[in-house]
Amino acid sequence: MDESRFLYVTERTKHEVRRYRIDAGDTKGQVIAGGKGQGNRLDQLDSPQHVFVDRNHAVYVSDKQNHRVMKWEEGAKEGIVVAGGQGKGNSLTQLDSPQGVVVDQLGTVYVVDCFNE
-5 MDESRFLYVT ERTKHEVRRY RIDAGDTKGQ VIAGGKGQGN RLDQLDSPQH
45 VFVDRNHAVY VSDKQNHRVM KWEEGAKEGI VVAGGQGKGN SLTQLDSPQG
95 VVVDQLGTVY VVDCFNE
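In case it helps, the numbering used here puts the sequence shown at residues -5 to 111.
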């Protein structure tokens, strides 16, 4: 939840992230990342797992089956790959089923890279 009382939820089977306005009784939410079906284009997600929202309302999503972390600026139609994105693996440009994601105040992205121990 951000300071404006929006709740962010990953919809794994719908391959999207939705934002809900808690204090307005919002039950439908708004798609803010993905929502264009399952896939690996910059406007798609494949089994999003976790979400982190920074102070500028940019949304970071661990895109598990695409083995990447995506950043979606507020109002963006597509995301930017900020980690991984070069297929499944253990090199410096690869992830293997990323899970949690957190971004610190300096903009450093921390990822739980599930199967790269």
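Think of the CB as a built atom: it goes at the ideal place given N, C-alpha and C, for glycine as much as any other residue.
Sub-8 Å separation of residue i and residue j beta-carbons
| i | j | result |
| --- | --- | --- |
| residue 107 | residue 47 | no |
| residue 45 | residue 62 | no |
| residue 9 | residue 43 | no |
First through last residue of the beta strand (DSSP E) which encompasses residue i
| i | result |
| --- | --- |
| residue 57 | 53 to 57 |
| residue 5 | 0 to 5 |
DSSP three-state assignment for residue i, whether helix, strand or coil
| i | result |
| --- | --- |
| residue 147 | Missing from the structure shown is residue 147; the chain here goes from -5 to 111 and no further. |
| residue 98 | coil |
| residue 27 | strand |
| residue 70 | coil |
| residue 107 | strand |
Neighbour-count burial assignment, residue i, 16 or more Cβ in a 10 Å radius
| i | result |
| --- | --- |
| residue 69 | exposed |
| residue 0 | buried |
| residue 22 | exposed |
| residue 58 | buried |
| residue 4 | buried |
| residue -2 | exposed |
Own chain residues within Cβ distance below 6 Å of residue i, not counting five before or after
| i | result |
| --- | --- |
| residue 79 | 62 |
| residue 16 | -1, 1 |
7 Å CB neighbourhood of residue i in its chain, flanking five on each side removed
| i | result |
| --- | --- |
| residue 24 | 12, 13 |
| residue 51 | -4, 68 |
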